[in-house]
Each structure stands twice: as structure tokens, then as C-alpha cells.
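Residue numbers (this note's numbering): 6 to 306.
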């Protein structure tokens, strides 16, 4: 990323939001229930042609999923792209999407989990994106929860700030750097590609679901041996869910604590984002200040 980062313009009344399914099959009801919620904010959401498709475990063929994203990315009336869900598949689209003139009409891409691949794409092109709630979350909560409200605020032009309770493994300190991250397994699959998000001098945030402790440890060892892990400015650890402790009984958080023990940057655990009930939104590719004290954690973008 050699270009100055573009922060997409705040959404105004009447702006269009495309709801796309770039990866796994989605439940139509999750999308239909999100539409009136977004309309209540004055926006005009619509579903892409293949949003409810099915091709094996995917929402469509790679061509169909690419077409939906290309149309939304190039349409000047679309100001944000909300992913319906994650599920493996977004990586299929990166090479072709990478050839589009994304900076000419920059817009928000919103999602998490497998959508981390699209955040990597946007970072490569120097465009901020939102790691945050997707259509399913908005449909379930009606956007009445704090996380959805934070997302709405970002779309309206306000950068987020959060206060998080202390965690026993936190390492105190204060640092400022570019915020990058997302799903650990998805991003690990992009190492040493043009979409590699693991970079020195950044504040990294990570989460995952259904990954054994040893597999996440192996990913962290790759970052350690490549020199990236020791050159971070800070680390934010979110939810690691649906896994069993390691054979020695270590939790995921204890393993991560041990992996970064030799470094001195601030580390925050238990930050509520990932595959759990909470998914606070982060703006990727822009500066963040991480302040970890014995009283808690402050995250300011």
C-alpha cells in the first residue's frame, strides 16, 4: 500500500447499500430482516442478484459472486457494501477484484470472518474498510445494540472509540499505529501474497472460530519466525470460540500470552469482537491508539 488511505465518504440519506454474499450460502430471512432496519436510517439497501444463490457450499459460482461485487464496487450510487455472512469463498475473487479501479469510487466494505480477505484487498488499494457486524447481526438485533450503533456512527462519519474491562493477561502500555487484522486463519492464508496483512509497525487484531490452539500457535510461529510478531506496535485479542483447550490444558489466550511474552508492546485480551455475541466494529487501515492500563483498555480511532 503506497497510496494515502482513502476513507470512504459518510453516507447520506438516499444512498444505496448493496448486500452481497461473496462467500457462503446465506439465509434469505437474515437479509430480508436487515433491509427495513437500514431503510429506517434513510438509506436504500438492495440485495445483489446472487445474494441468495447456492453453488455447493457457496452462494454462487465464482463468476456469479464476482459479478455481484464488481457491479456494487463500480456503481457510483452505491456507497457501502454489506456482506450477508462469511463462510469460506472470498479468496476466490481476489485476483479479479484486484484489477478493478477501486480507488476511483471508494466505498465501505463491511463484514468479518471470511470477509477479512476483502479487507486485505481494500488495504492493498489504500482504502479503509469496516471489520464489523453483517446482515445477520443487524437483522437479529434490529440495530438497537451498541455494536450496530457504532457501525451506523462510522457510516455517518464518526470514528469509533471503545473502553474494555481489564483482563488478567493484559500487558500495559500505550501505542499508536495502523489498525489491521481480522480472522487469523483467513489472513494466515494470505501470507507472502500481495494481500498479506501481517506487517511490522501495526496494531494487529485477531479472532477465530473452531481452530485448535496448536493451529493458531503455528500461525503465530510463522509471524514470529518471519520477524513480524516482534515488530508489532500492539496486539488486540478478540474472541476465539468453539475450540478445546490444548493437550496441556492451556487456553487460547494463555498460548497467545506465552507467544508474545518476550516483546514489550501493549496487548489487550477479551476485546469483544469475533464469532460471539459481540462484534464491535473497527476501521481497518487507519490509525488507532491502544491504551492498556490496569484499569482497562481504551481503543481510539
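We put the beta carbon where it would ideally sit given N, CA and C, even for glycine.
- Around the beta carbon of residue 138, a 10 Å sphere encloses 16 or more other beta carbons of the protein chains shown; the residue is thus reported as buried.
- When secondary structure is reduced to three states using DSSP, residue 303 falls in the strand class.
- The C-alpha of residue 231 lies about 26 Å from the C-alpha of residue 296.
- Residue environment for residue 95: buried (at least 16 other C-beta atoms within 10 angstroms of its C-beta).
- Unbroken beta strand (DSSP E) stretches of 3 residues or longer found wholly inside the segment 256-292: 287-289, given in chain order.
- Assignment of alpha helix (DSSP H) within the segment 164-231, counting only whole runs of 4 or more residues, yields 189-193, 218-230 in chain order.
- Nearest neighbour of residue 178 by Cα position, chosen from 67, 270, 40, turns out to be 270.
- A direct Cα-to-Cα measurement between residue 265 and residue 234 gives close to 8 Å.
- The beta-carbon separation of residue 273 and residue 302, rounded to 4 Å, stays under the 8 Å limit for a contact.
- Counting C-beta atoms within 10 angstroms of its own C-beta, residue 71 has 16 or more neighbours from the protein chains shown and is therefore classed as buried.
- Out of 287, 77, 223, the CA that lies nearest to the CA of residue 251 is found in 223.
- In the structure shown, the three-state DSSP call for residue 17 is coil.
- Straight-line measurement puts the Cα of residue 17 at about 29 Å from the Cα of residue 69.
- For residue 49, the three-state secondary structure derived from DSSP is strand.
- Residue 79 and residue 93 have their C-alpha atoms spaced approximately 24 Å apart.
- CA-to-CA, the gap between residue 155 and residue 65 works out to about 31 Å.
- The three-state reading of DSSP puts residue 241 in strand, counting E and B together.
- Assigned with DSSP and collapsed to three states, residue 136 falls in strand.
- Here the segment 110-122 lies against the segment 189-200, with 3 or more beta-carbon pairs under 8 Å apart.
- Secondary structure note for residue 83: its beta strand (DSSP E) is the uninterrupted segment 83-88.
- The residue among 89, 43, 9 with its C-alpha nearest the C-alpha of residue 25 is 89.
- Here the alpha carbon of residue 147 sits roughly 33 Å from the alpha carbon of residue 239.
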